[in-house]
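Numbering (full-length UniProt numbering), first residue to last: 1 to 294.
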């Protein structure tokens, strides 16, 4: 099934995977353009894009494909899933769309999934972009202040234990998830408040966040639990070129984490933006997509 809102997207579709699950996805931009796999944040969904004007993708010759991860949006949950399961789902989707080689781009919590695809599909992934991403937690890094001590202690337990502890932390987001961008705007640095203060950007993020929470808080809790445990593959074995983009005043994922991640990657170019925050991509999307094309 494939539907379209407009020539610039989203063109929505659903795919039945080999194990019977349904994966929902959206496409933006030029159907004949350079394919980019979007690995959305946490929480977010197939509606996540990195420009406030979707027509920019067509002008740049980009075909952005963003699938909902299991349990987000309209994709079926996958009990017991691992980060390393994601490349198999992606391969089935892109095969169905006739896409062989592609770049991978992630925002925030999508970093693990973009790098997992690069590691699992070295002949298909041409390059990776990481926007405000953190390293795997099997290297020392400071835990965010909002994370309860009980969750930190559970990091190396089986994922369901950590996810169960996280569910009450995220439960308030299920009441009115469309207000999350406004909530963030009040708790972000001035640069991010400025970005989210633009009505077009706020609409993009509100739609992506609210759709991501369509099925409740379980998918978000599971996703964060996976990111707080070893990802299941050596990040240092990712051989493609990776561009790391990070604001020095990112209050969601501190820049120190971006520096650790960049240092773990064999072939990385780091882009540090003084005074900017977590959503800097909305001001630098042309450069980000240009780097992937290069």
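Where a beta carbon is used, it is the ideal one built from N, C-alpha and C, also for glycine.
Sub-7 Å separation of residue i and residue j beta-carbons
| i | j | result |
| --- | --- | --- |
| residue 133 | residue 261 | yes |
| residue 67 | residue 113 | no |
| residue 129 | residue 288 | yes |
| residue 319 | residue 36 | In the structure as shown, the chain begins at 1 and stops at 294. Residue 319 is therefore absent and cannot be evaluated. |
| residue 278 | residue 250 | yes |
| residue 89 | residue 23 | yes |
| residue 48 | residue 219 | no |
| residue 73 | residue 46 | yes |
| residue 107 | residue 131 | yes |
Nearest-angstrom Cα separation, counted from residue j out to residue i
| i | j | result |
| --- | --- | --- |
| residue 105 | residue 221 | 22 Å |
| residue 137 | residue 203 | 32 Å |
| residue 50 | residue 77 | 25 Å |
| residue 54 | residue 283 | 14 Å |
| residue 167 | residue 86 | Only weak support exists for where residue 167 lies, its pLDDT of 46 falling under 50; the value from the coordinates is given anyway. Answer to the nearest angstrom: the Cα atoms are 22 Å apart. |
| residue 213 | residue 292 | 29 Å |
| residue 238 | residue 127 | 10 Å |
| residue 257 | residue 276 | 15 Å |
| residue 254 | residue 248 | 7 Å |
| residue 290 | residue 63 | 13 Å |
| residue 268 | residue 244 | 7 Å |
| residue 169 | residue 11 | Summary for residue 169: the model assigns pLDDT 46, below 50, so the residue's position carries little reliability; its value from the coordinates is reported in the next sentence. Taking the straight line joining both Cα atoms gives about 33 Å. |
| residue 210 | residue 75 | 14 Å |
| residue 274 | residue 91 | 37 Å |
| residue 194 | residue 94 | 36 Å |
Cβ-based burial, residue i [other Cβ within 10 Å; buried from 16]
| i | result |
| --- | --- |
| residue 197 | exposed |
| residue 30 | buried |
| residue 41 | buried |
| residue 224 | buried |
| residue 9 | buried |
| residue 69 | buried |
| residue 7 | exposed |
| residue 240 | buried |
| residue 20 | exposed |
| residue 281 | buried |
| residue 81 | buried |
| residue 16 | exposed |
| residue 200 | exposed |
| residue 192 | buried |
| residue 124 | buried |
| residue 139 | exposed |
| residue 229 | buried |
| residue 158 | Low confidence applies to residue 158: its pLDDT is 46, below 50, so where it sits in the model is not reliable enough to give any reading. |
| residue 122 | exposed |
Cβ separation of residue i and residue j, assumed to be a contact under 8 Å, to the nearest whole Å
| i | j | result |
| --- | --- | --- |
| residue 56 | residue 285 | 7 Å |
| residue 61 | residue 33 | 4 Å |
| residue 135 | residue 242 | Actually they do not touch by this definition, with Cβ atoms about 12 Å apart. |
| residue 83 | residue 232 | 6 Å |
| residue 215 | residue 71 | 6 Å |
Heavy atom of the ligand COA within 6 Å of residue i beta-carbon
| i | result |
| --- | --- |
| residue 12 | The ligand COA is not among the ligands present in this structure, which contains no ligands whatsoever. |
Practice problem: Quick one: which unbroken alpha helix (DSSP H) runs of 4-plus residues sit fully inside the stretch 196-224? Chain order, please. | Solution: 199-212
Quiz item: If you scan the stretch 8-70 from start to end, which runs of the beta strand (DSSP E) of 3 or more residues do you find wholly inside it?
Solution: 11-16, 22-29, 34-39 and 62-67
Practice problem: Ignoring anything shorter than 3 residues or poking outside the stretch 91-120, list the beta strand (DSSP E) runs there in chain order. | Solution: 102-107
Quiz prompt | Entirely enclosed alpha helix (DSSP H) segments - the stretch 230-282, minimum 4 residues | solution = 255-264
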